[in-house]
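Here numbering that gives the first Met the number 0 is used: position 216 in the sequence shown is 215, and no number is missing along the way. Just so it is clear, CB atoms sit at the ideal spot from N, CA and C, and this is done for glycine as well. Since the structure is predicted, the reported quantities are computational estimates derived from the model, not experimental observations. Here the structure is laid out as structure tokens; the discussion comes afterwards.
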Amino acid sequence: MNTRRIAVPALFTVLLTAFAIAQEVEDIKVYLVRQAAQPPALDGKLDEACWSEADVVDDFGYTSYFNQNRTLAIPRTEARFLWNERYLYIGLTAFEKDIEGVRRVVSNPGTAIFWRDLFEIHIDATHNRKTRYQLMANPNEERYVDATFDRGYAIEHESAWGLCADWTLKAHYGADRWTLEIAVSLADMKVSSRLGAHLGLNVARFRFVEGTQFLCWNGQGGSHHDLKQFATAILVGPGKTTIRDALRLAYPDIDQRTVRLLRADGYTILDRGQSRDLTFAEIVQRDAAETLRKLDEAARALAKAEMSDQARKSFQQTLDAERKEVDKAMAGDHATFVTCRAALDKLKGIAGRLTQLDWQMKALLLAEKAQR
């Protein structure tokens, strides 16, 4: 199958911040669901021409789910999405070196479907973090769905939704992969079949043939059920659509917001019509500089403080140790999102400890002053 790949895929991390309202900063992935001029035949093979027009999701990683063998290599996994006036089409590919092993695992009728190799598709149809359709399907074409609704006063689970809704699937085994094609009714999920409509999406792959692996597209290192981590999927027309045009379709006031688009080496930041680039390395350097500034402030405050020599020595040793931690956080090239995030987490920890140290110093000074 021919696959259309682009240097900066239509899968971005977007930071939407309303300037008029103070709110928590939040990263959101955006995926462009392209309209299919001719829908797939639903034979499970993913060999129709329309699938080559769909953008590919292939950045899967481990969830925090149960005990897993994280020493295993993450197998290549791909997801694609299309739509027309009736359906959301989902194409899933699980590359596998032991296809016969998958057949054995999946064919065990005494094990629940979610303890055998499968895909889970999570859809926040209302895109308000209150509705989640969880579709499960395996290469034996077994399927299950659980619909969850946050009513405000209670969480409602509706397993019967899958019996009444219009959704179908077909599976196919290849020599080195198994694939699924799924069509799920937009109307049954109460999603408008119009340009600019948007919903939350996530995909998970469970694999047991070699060990235990729970992999997901969004929510890596956490829960693949976390609605806050779902991608924002925007329904766009066929052919080429820019990210900015798609965001304008979904959010008419997008030019009044700040939007941060993930690139391979950093972000392009759109700020009310203006744009600038920021690499991951620059982000780490910026936060490291701010952390060092706080360390310098703490050192100056320590130099002026009236305290015992023993206390001063203890605080100075702590500051020296934190400077070494900054050096450790800065080590490496920070060329990827993962390495950048790891460095920022370390710097955030240092900043938190410096805040605690500041309060400890103030408490000590008050105590020593009271004794004089």
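query: Figure out for me which residue from E119, A232, Q255 and G199 has the closest Cα to the Cα of F213.; result: E119
query: Can you check which of these residues, A146, L45 and A136, is closest to T167 by C-alpha distance?; result: A136
query: With DSSP collapsed to three states, give me the class of L214.; result: strand
query: Check A196 in the structure and name its three-state DSSP category.; result: coil
query: Sorted by chain position, which residues of the same chain lie with C-beta nearer than 6 Å to T147's C-beta, five sequence neighbours on each side aside?; result: R131 and H156
query: In whole angstroms, what separates the C-alpha of R128 from that of D225?; result: 9 Å
query: Just tell me which of E95, L294, G210 and D332 has its CA closest to the CA of P74.; result: E95
query: Please name the residue, chosen from Y152, Q228, R322 and S184, that lies closest to A288 on a Cα-to-Cα basis.; result: R322
query: Could you check whether F229 and D308 sit closer than 7 Å to each other, using their CB atoms as the reference points?; result: no
query: Quick one: give me the first and last residue of the beta strand (DSSP E) that S222 is part of.; result: Taken as a continuous stretch (DSSP letters only), S222 belongs to no beta strand (DSSP E), as it is neither H nor E.
query: In its own chain, which residues sit with a C-beta less than 6 Å from the C-beta of D57, not counting the 5 before and 5 after it?; result: E77
query: Are Y266 and L277 touching if we call contact CB-CB under 7 Å?; result: yes
query: Provide the residue span of the alpha helix (DSSP H) that contains S191, from first to last.; result: Segment: none, S191 is in no alpha helix (DSSP H) and carries neither H nor E.
query: Kindly indicate which residue of L117, G60 and G151 has the alpha-carbon position closest to the one of R103.; result: L117
query: Return the CA-CA distance between F80 and L346, expressed in angstroms with no decimal places.; result: 37 Å
query: Measure the alpha-carbon distance for Q315 versus A302 and round it to whole angstroms.; result: 9 Å
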